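Each residue of the sequence shown is one higher than the one before, starting from 827 at the first, in our numbering. Just below is one structure, and these are the notes that go with it.
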Amino acid sequence: MKAAWSKHRTAILLLGMLLGLPALAMAQKSITGRLIDAETRQPVQGANIRLNKIPITSSDSDGRFEVILRSQTAILLASHVSYHAKELIISKQSPDSLIIQLVPKTMKLDEVLITAQSHIRYFKPQSFYIHDYAIKDHRVWAIGYENKNVLKPELRVLGLSGELLAKMKLKPDSRIFQDPTGTVLLFRQDSIYQLTLTGNKIQTEFPGTLAETGDILFNLQVMRGDTVIYRTFNPSHSICEFLSARLETKTLDTVFASFDRSLFKTAASARQYEHGQLPDRLAVPLPSIPKPKTIEELRKDNPDYSNMSTKDIRNIEGIRNVSRGVPDKATEATLQSSTNFAVSALNRTIIHKPVEASLFFQNGQFTVFEATNSMIWNLNSDFTVCNGLDIELNNDARELKMAQDPATGKLYITYRVNGSPFVCELDTITGEVIQTRRLEGFPFAEKIRVYDNRIYFIYQAATGQIFTNLFSISI
827 MKAAWSKHRT AILLLGMLLG LPALAMAQKS ITGRLIDAET RQPVQGANIR
877 LNKIPITSSD SDGRFEVILR SQTAILLASH VSYHAKELII SKQSPDSLII
927 QLVPKTMKLD EVLITAQSHI RYFKPQSFYI HDYAIKDHRV WAIGYENKNV
977 LKPELRVLGL SGELLAKMKL KPDSRIFQDP TGTVLLFRQD SIYQLTLTGN
1027 KIQTEFPGTL AETGDILFNL QVMRGDTVIY RTFNPSHSIC EFLSARLETK
1077 TLDTVFASFD RSLFKTAASA RQYEHGQLPD RLAVPLPSIP KPKTIEELRK
1127 DNPDYSNMST KDIRNIEGIR NVSRGVPDKA TEATLQSSTN FAVSALNRTI
1177 IHKPVEASLF FQNGQFTVFE ATNSMIWNLN SDFTVCNGLD IELNNDAREL
1227 KMAQDPATGK LYITYRVNGS PFVCELDTIT GEVIQTRRLE GFPFAEKIRV
1277 YDNRIYFIYQ AATGQIFTNL FSISI
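Okay, structure coming up:
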């Protein structure tokens, strides 16, 4: 399917020179959030929300809240009498919508005493609140806050065994991002830099202010030669389309589309879906209304009616008006009303979630992972479909994501079961799970990645009251 090259031309050409990002608001930012029970996934009502220790609001019956962030960075605290409080650092570069899991005080956490040699801890306890990280060329690039000072972020580069190689002070709105080629980028409100390490000094190179390319930058999937593959979503997020842009020929093609295959029959129906509509796989057909019989036909079918008046026949049949070729209006209205009610009731039972899909390149072929459908699609080098495979995971698996080990090219799926994180290696040829590793003792670990057959993740106690830290364990 051809897409409009002109629509994305500027952004794609700029990506050929330097990856860019959207211009971010300089003033205040509205951030919405939703609090859910980490065990039951139900909303948490009545939780107190604080920004920098100042009470702001409380969560409603659906667990939702909204805060206005006027500073570049702030500490958000969610607390409830029945749950462990949760603390996190937010900034104007944070997503507009957050989902925060609160752990019930009755839930057994089974947290590990972090002394085993199999675990590598990268920062001294209570010293550095790590916010995000990237791994490239056997080095960890970590951005965070020394002594939890949110006004003074810092970038640190470490070896994989934990030794500090370099560090650099940053401005409060700084964030880190790694594109599919492995390039580590530092970006702020409207600027972006590539990061390199020379000796013990961090270098920022190729500065740019490419505001038009943000949507593509953060949705990049694969870069091969002069081809950039990225994903786009329709307004209702009911479909994810992967676009292949070739800089040399200036062509833009849709190479694959992912959608909830239990709700929609085709990509076209998913693309046209708007919130409030009924997906086509669940459409309720209007019941057929039989053509009513005339009085003469009723008398012919039922001998008992032969000597009865028209009025008596109508009373027995329960109809108000019968004439040849004209439907019974009362019956039609009743059926229509019943159908409308059934459709409305069915709509209320449908929980339409934004489609989640990602694309990877491995061993000469592309693999699309549809977390929404728990399946993968293998595509040939020309993007024709080779096969589609269902993935068998625990029925209680939630928050499915695919990660690729840049050192080996292997593909992994990360997920949670009742708060416990799991990482499994996937055989893309058969769709079978080769091996599974539970991050035992690290409930609710975040930002899980795999590098050179080792699992990396950010972890803080489930109560959220202590510093985060970066850990790694063997697969």
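Quick reminder that beta carbons are idealized off the backbone N, C-alpha and C, glycines included. Only a predicted model underlies this, so the values are computations on that prediction, with no experimental measurement involved.
Tell me, to the nearest whole angstrom, how far the beta carbon of V1048 is from that of A1071; I am working on the premise that it is less than 8 Å. Under the criterion of beta carbons closer than 8 Å, V1048 and A1071 do not qualify as touching, at roughly 11 Å.
With DSSP as the reference, please indicate the residues paired to V966 in a beta bridge. The bridge partners DSSP lists for V966 are I961, L984.
Let me check one thing: in DSSP terms, what residues is E1031 bridge-paired to? E1031 pairs with Q1020.
Got a sec? Which residues, its chain only, sit under 6 Å from R860 by beta carbon, not counting five neighbours each side? When the five nearest sequence neighbours on each side are left out, the beta carbons in the same chain lying within less than 6 Å of the beta carbon of R860 are those of G889, R890, I925, in order along the chain.
Reduced DSSP category for E1143 - H, G, I as helix; E, B as strand; rest coil: Reduced to three states, the DSSP call for E1143 is helix.
With H, G and I counted as helix, E and B as strand and the rest as coil, what does DSSP make of V1136? The displayed chain sequence assigns Thr, not Val, to residue 1136. Helix, per DSSP.
In whole angstroms, what separates the C-alpha of L903 from that of T1022? As the crow flies, the alpha-carbon of L903 is around 35 Å from that of T1022.
Can you check DSSP and say which residues form a bridge with P1247? Its beta-bridge partners are R1242.
Taking 8 Å as the threshold (C-beta atoms), are I915 and V976 in contact? Yes, the Cβ-Cβ distance between V976 and I915 is below 8 Å.
Shortest alpha-carbon distance to E972 belongs to which of P951, L1069, I1142, S987? Out of P951, L1069, I1142, S987, P951 has the C-alpha closest to the C-alpha of E972.
Can you tell me the Cα-Cα spacing of V929 and Y1277, whole angstroms? Rounded to the nearest angstrom, the two C-alpha atoms are 29 Å apart.
At what residues does the alpha helix (DSSP H) containing K1227 begin and finish? Taken as a continuous stretch (DSSP letters only), K1227 belongs to no alpha helix (DSSP H), being part of the beta strand (DSSP E) at 1224–1230.
Taking only the alpha-carbon atoms, compute the straight-line gap between Y1238 and C1250 and give it to the nearest angstrom. Those two C-alpha atoms are separated by around 5 Å.
Once the 5 residues before and after L1046 are set aside, which same chain residues still bring their CB inside 6 Å of it? Excluding sequence neighbours, L1046 sits near D1005, P1006, Y1056.
Short check: CB of T795 to CB of N1279, under 8 Å? Nothing can be reported for residue 795, as the shown portion of the chain is limited to 827 through 1301.
Per the DSSP calculation, K978 is bridged to which residue(s)? Under the DSSP definition of a beta bridge, K978 lacks any partner.
Mind checking which residues open and close the alpha helix (DSSP H) that includes S1095? In the DSSP assignment, S1095 falls within the unbroken alpha helix (DSSP H) covering 1093–1097.
Residue burial classification, T1294 (beta-carbon count within 10 angstroms, cutoff 16): Around the C-beta of T1294, 16 or more other C-beta atoms lie within 10 Å, and the residue is accordingly described as buried.
Alpha carbon to alpha carbon, how far is Y1285 from H964? Give it in angstroms, no decimals. For H964 and Y1285, the distance between alpha carbons rounds to 21 Å.
Nearest to S920 by CA position, among T899, F1032, I1299, E865, is which residue? The alpha carbon of S920 has as its nearest neighbour, out of T899, F1032, I1299, E865, the alpha carbon of T899.
Compute the Euclidean distance between the alpha carbons of T1024 and N1213, then round it to the nearest angstrom. Here the alpha carbon of T1024 sits roughly 45 Å from the alpha carbon of N1213.
Which residues DSSP lists as bridging V1081, in chain order: Note: V1081 sits in no beta bridge, so no partner.
Three-state secondary structure (DSSP) at Q1191? In the displayed model, Q1191 falls within a strand according to three-state DSSP.
Going by other Cβ atoms of all chains shown within 10 Å of its Cβ, with 16 needed for buried, is N1244 buried or exposed? Burial call: exposed.
With DSSP as the reference, label R896 as helix, strand or coil. Reduced to three states, the DSSP call for R896 is coil.
Put Y1131 into one of helix, strand or coil per three-state DSSP. Correct three-state label for Y1131: helix.
Taking the C-alpha atoms as reference points, what is the distance between A849 and R876? The pLDDT assigned to A849 is 35, lower than 50, so where the model puts this residue is not dependable; a value taken from the coordinates is nonetheless given after this. For A849 and R876, the distance between alpha carbons rounds to 28 Å.
Give every residue of the same chain whose Cβ lies closer than 7 Å to the Cβ of K997, excluding the five residues on either side of it in the sequence, and list them in chain order. Result list for K997: R1014, in chain order.
Under a Cβ-count criterion, where at least 16 other Cβ atoms within 10 Å of its own Cβ denotes burial, should T1075 be classed as buried or exposed? T1075 comes out exposed.
For K1126, which of helix, strand or coil comes out of DSSP? Helix at K1126.
Only counting the same chain, and skipping five residues up and downstream in sequence, which positions put a Cβ closer than 7 Å to that of A851? The predicted position of A851 is uncertain, since its pLDDT is 37 and thus under 50; no value can be drawn from it.
Taking the alpha carbon of R1107 as the reference point, which residue from K1091, E1122, Q1098, E1100 has its own alpha carbon closest? Selection K1091, E1122, Q1098, E1100 evaluated against R1107 yields K1091 as nearest (Cα-Cα).
Using 8 Å for Cβ pairs, my map puts A873 next to H906. What's the rounded Cβ distance? Rounded to whole angstroms, the Cβ separation of A873 and H906 is 4 Å, and the two are in contact under 8 Å.
By DSSP, does R860 sit in helix, in strand, or in coil? In the structure shown, R860 sits in a strand (DSSP, three-state: E or B).
Which residue comes first and which comes last in the beta strand (DSSP E) that contains D1216? For D1216, the enclosing beta strand (DSSP E) covers residues 1211–1216.
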